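With my numbering, letter number 62 in the sequence shown gets 62, and the count goes up by one each step, no holes.
For each residue, glycine too, the CB sits at the ideal point set by N, CA and C.
In this text, all values refer to a predicted model and were calculated from it rather than measured experimentally.
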Amino acid sequence: MPYSSFLTPPAGLSPEQHQQWTRRQYVAECAIDFLAAKDQSLNDSVLAHLQDYVSGEASLGQAIGRLVDYFARESGAGHQPLAS
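Next comes the structure, spelled out in structure tokens:
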């Protein structure tokens with residue numbers, strides 16, 4: 001399912017860079033689907049961490065680590081842990 005919340009690829013990317021961007025966006029969309037299946041809230045913070053990955057500013061591992069940290073901090077606010 002495409003998410004319009006992600007930025008579009010910047011103009012001037014080479015075909016290879018555009019393909020890499022599209023692949024990262026697909027992976028981020030899969031992460032959103034996973035979080036939604038776990039009843040996690042999808043807010044601007046979650047999307048910002050994933051956008052960093054889509055934009056190539058963070059590795060997938062970094063983005064996931066940031067999400068884990070985010071949900072750990074938010075767990076006291078009524079969020080469920082990712083593992084069930």
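{"Item": "Host alpha helix (DSSP H) of Glu16 (start-end)", "Value": "15 to 37"}
{"Item": "Cβ-Cβ distance between Leu35 and Val46 below 8 angstroms", "Value": "yes"}
{"Item": "As assigned by DSSP and simplified to three states, the class of Phe6", "Value": "coil"}
{"Item": "Closest residue to Phe6 among Glu16, Trp21, Gln17, Gly12 (Cα-Cα distance)", "Value": "Trp21"}
{"Item": "For Gln62 and Gln27, the rounded distance between their alpha carbons", "Value": "Note on residue identity: the sequence assigns Val, not Gln, to residue 27. Taking the straight line from one Cα to the other gives about 14 angstroms."}
{"Item": "C-beta contact flag for Leu13 and Ile32 at 8 angstroms", "Value": "no"}
{"Item": "Status (buried if at least 16 other CB within 10 Å, exposed otherwise) for Gln17", "Value": "exposed"}
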